[in-house]
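Participant:
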Amino acid sequence: GENVEQHPSTLSVQEGDSAVIKCTYSDSASNYFPWYKQELGKRPQLIIDIRSNVGEKKDQRIAVTLNKTAKHFSLHITETQPEDSAVYFCAASPEAAGNKLTFGGGTRVLVKP
Amino acid sequence: NAGVTQTPKFQVLKTGQSMTLQCAQDMNHNSMYWYRQDPGMGLRLIYYSASEGTTDKGEVPNGYNVSRLNKREFSLRLESAAPSQTSVYFCASSQYIDQPQHFGDGTRLSIL
């Protein structure tokens, strides 16, 4: 079935530095790629998403880039702050799975003050 | 503006007991989902309903049943709870199957 792999599984950065999380997918017909942030004990919340007809999207300090040829997409967080500490999940919507979201395994980000 | 509401928030069961987790959304979404999240793990899809009147198995459906009661409500039933089903259960909804999903606050279920 469709596989979404996410790396790294943990990421520790100094406050103010950038953080990058990468996901790869296998179904080239996937057309929707959201990113979710989950704080400890809370629900996952959508932070940014991108469709396959766009290569990059930005929203303040976060951005997502998509490389359809290589079948990978990445989340970029600039000027990290302690409140960015959370688990981040990527997802893809493979046609082979009826276009429902398939989630990556998550990345635990720790921003050190 | 409640979004996705799950009840109960916490529950402790004994092995073999049955229970239904309730989920309701007020966003007029067509698609609804049930996930489980084990400690330190990702989200695993149990069942989903792409539209009212349809339900399909996800990645880990064994031991569970679902009912799409109407467009708003999607319930998850454990017929005979087992300790392996101890987890946090999230319900989510989206306008259509390949649209952003909105999650409820989760139900923390412990089975002794």
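From first to last, the protein sequence lines are chains A and B. Each residue of the first sequence is one higher than the one before, counting from 1 in the working numbering. Each residue of the second sequence is one higher than the one before, counting from 1001 in the working numbering. Ideal Cβ placement from N, Cα and C applies to all residues, glycine included. Please read these numbers as outputs of a predicted model, since none were measured by experiment.
#1: Less than 7 Å between C-beta atoms, sequence neighbours within five positions excluded: which residues of the same chain meet that for G1063/B?
#2: Run the CB neighbour count on Q38/A, radius 10 Å, all protein chains shown included, and call it buried at 16 or more, exposed below.
#3: Does L1021/B get closer than 8 Å to chain A when you measure Cβ to Cβ?
#4: Using a Cβ-Cβ distance under 8 Å, would D1038/B count as near chain A?
#5: Locate the beta strand (DSSP E) running through Q1022/B, then write down its first and last residues.
#6: The beta strand (DSSP E) spanning R1068/B covers which residue range?
#7: Return helix, strand or coil for P1083/B, following the three-state DSSP convention.
#8: Which bits of chain B does P34/A rub up against, with CB to CB less than 8 Å?
#9: Which runs of the beta strand (DSSP E) at least 3 residues long sit entirely within the stretch 4 to 59 of chain A? Give them in chain order.
#10: Enumerate in chain order the residues of its own chain whose CB-to-CB distance from Q81/A is below 7 Å, with the five nearest sequence positions on each side excluded.
#11: Determine the direct distance from the alpha carbon of I47/A to that of A63/A, and round the result to whole angstroms.
#12: Using 8 Å as the limit for Cβ to Cβ distance, is I1097/B near chain A?
#13: Just reading off the beta strand (DSSP E) that K112/A is part of, what are its end residues?
#14: Nearest to S957/B by CA position, among P44/A, S85/A, D84/A, is which residue?
#15: Is there contact between the stretch 71 to 86 of chain A and the stretch 18 to 28 of chain A, where contact requires at least three CB pairs shorter than 8 Å?
#16: Taking Cβ positions, are H1102/B and M1041/B nearer each other than 8 Å?
#17: For my contact list, S9/A and T107/A are in at a C-beta cut-off of 8 Å; report their separation, rounded to the angstrom.
#18: Under a CB-based cut-off of 8 Å, is D17/A close to chain B?
#19: Within the 8 Å Cβ cut-off, does F1090/B reach chain A?
#20: Take A96/A and list the residues in its own chain whose beta-carbon comes closer than 6 Å to its own, dropping the five residues that flank it on each side.
#21: Within the stretch 76 to 108 of chain A, note down every full beta strand (DSSP E) run reaching 3 residues or more, in order along the chain.
Facilitator: Concretely, from the data shown:
#1: Within the second sequence, the letter at position 63 stands for residue 1063/B. Only L1078, A1082, Q1085 meet the Cβ criterion.
#2: Counting from 1 along the first sequence, the entry for residue 38/A is found at position 38. Buried, since its Cβ has 16 or more Cβ neighbours within 10 Å.
#3: Counted from its first residue, the second sequence places residue 1021/B at position 21. Taking a beta-carbon distance threshold of 8 Å, L1021/B does not count as an interface residue toward chain A.
#4: Position 38 of the second sequence, counting from 1, holds the residue named residue 1038/B. Chain A contact via Cβ: absent.
#5: As a first step, residue 1022/B must be located in the second sequence, where it is residue number 22. Residues 1019 to 1025.
#6: If you number the second sequence from 1, residue 1068/B lands on position 68. 1064 to 1068 is the span of the beta strand (DSSP E), which, as asked, contains R1068/B.
#7: In the second sequence, counting from the first residue as 1, residue 1083/B sits at position 83. Correct three-state label for P1083/B: helix.
#8: Residue mapping note: residue 34/A aligns to position 34 of the first sequence, counting from 1. What P34/A touches in chain B: P1100, Q1101.
#9: 4 to 7, 10 to 14, 19 to 25, 32 to 38, 45 to 51, 56 to 59
#10: Within the first sequence, residue 81/A is the residue found at index 81, counting from 1. Within the same chain, Q81/A has close Cβ partners E15, V111.
#11: For the purposes of this step, residue 63/A is taken as the residue at position 63 of the first sequence. For the purposes of this step, residue 47/A is taken as the residue at position 47 of the first sequence. Each residue's alpha carbon lies about 10 Å from the other.
#12: To locate residue 1097/B, count along the second sequence from 1; it is residue 97. Yes, because at least one Cβ of chain A sits closer than 8 Å to the Cβ of I1097/B.
#13: Reading the first sequence from its first residue, position 112 is the one you call residue 112/A. From DSSP, the beta strand (DSSP E) with K112/A extends over 107 to 112.
#14: Summary: the structure shown does not reach residue 957/B, with chain B confined to residues 1001 through 1112, and so no result is reported for it.
#15: A contact exists between the stretch 71 to 86 of chain A and the stretch 18 to 28 of chain A.
#16: On the second sequence, position 102 is the one that residue 1102/B refers to. On the second sequence, position 41 is the one that residue 1041/B refers to. For H1102/B and M1041/B, no; Cβs fall outside 8 Å.
#17: Stepping through the first sequence from its first residue, residue 9/A is reached at position 9. Stepping through the first sequence from its first residue, residue 107/A is reached at position 107. Indeed, because the Cβ distance is near 6 Å, the residues count as touching under 8 Å.
#18: Within the first sequence, the letter at position 17 stands for residue 17/A. Answer no: the Cβ-Cβ gap between D17/A and chain B never drops below 8 Å.
#19: Numbered from 1 along the second sequence, position 90 holds the residue referred to as residue 1090/B. Output row for F1090/B: interface = yes.
#20: Counting from 1 along the first sequence, the entry for residue 96/A is found at position 96. The answer, listed in chain order, is E2, D27.
#21: 86 to 92
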